[in-house]
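Reminder that position 56 of the sequence shown reads as 56 in full-length UniProt numbering, one-by-one numbering, no gaps. The structure appears below as structure tokens.
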Amino acid sequence: MPRRLSLPCDRLCAMYEAGATTITLARLYDCHPATIARYLRQCGVTLRTGRFTARPFDEALFRRLYLEEQLPLTRIAIALNVSVSTLGNWRRRLGIPPRRRRA
1 MPRRLSLPCD RLCAMYEAGA TTITLARLYD CHPATIARYL RQCGVTLRTG RFTARPFDEA
61 LFRRLYLEEQ LPLTRIAIAL NVSVSTLGNW RRRLGIPPRR RRA
């Protein structure tokens with residue numbers, strides 16, 4: 001028979017709003033993160049999304065570095081403080097074709 005949890009709304013909400021994740025709270029209360037999420041919703045808390053927020057970027061700077069200056073992707077990534085895969089995503093989103101490999 002499943003055990004019945006009694007989680008304190010005030011403490012649970014305070015910890016979550018202070019930045020604790022559902023995973024952290026689940027470990028603390030020895031239950032599943034979905035259980036914590038359900039309790040938080042019942043307590044009236046709007047849950048944070050698990051996805052990263054989209055990072056804004058300077059399209060003109062990216063185009064200049066990639067198309068005009070033709071810097072290597074690793075140098076552009078360092079200059080813009082993002083990963084090389086993020087640059088690939090931006091390039092595809094902007095419809096910029098990939099550069100040919102150097103021989």
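Where is the CB? At the ideal position from N, CA and C, for every residue including glycine.
Could you check the C-alpha separation between residue i and residue j for me, to the nearest Å?
i, j, result
"ALA62", "ILE23", "Strictly speaking, residue 62 in this sequence is Phe, with Ala absent from that position. C-alpha separation (whole angstroms): 37 Å."
"ALA34", "ARG4", "15 Å"
"residue 161", "PHE52", "Given that the chain is displayed from residue 1 to residue 103, the structure contains no residue 161 and the question cannot be resolved."
"TYR16", "SER83", "29 Å"
"residue 132", "THR49", "The first residue shown for the chain is 1 and the last is 103, placing residue 132 beyond what the model contains."
"ASP30", "GLN42", "19 Å"
"GLY44", "GLU69", "52 Å"
"PHE57", "ARG99", "20 Å"
CB residue i to CB residue j, shorter than 9 Å?
i, j, result
"ARG67", "TYR39", "One detail in the question is off: residue 67 reads as Leu in this sequence, not Arg. No. Outside cutoff."
"LEU65", "ALA54", "no"
"ALA37", "LEU28", "no"
"GLU59", "LEU7", "no"
Quick one: any contact between the segment 88-99 and the segment 64-77, if contact means 3 or more CB pairs under 8 Å? yes
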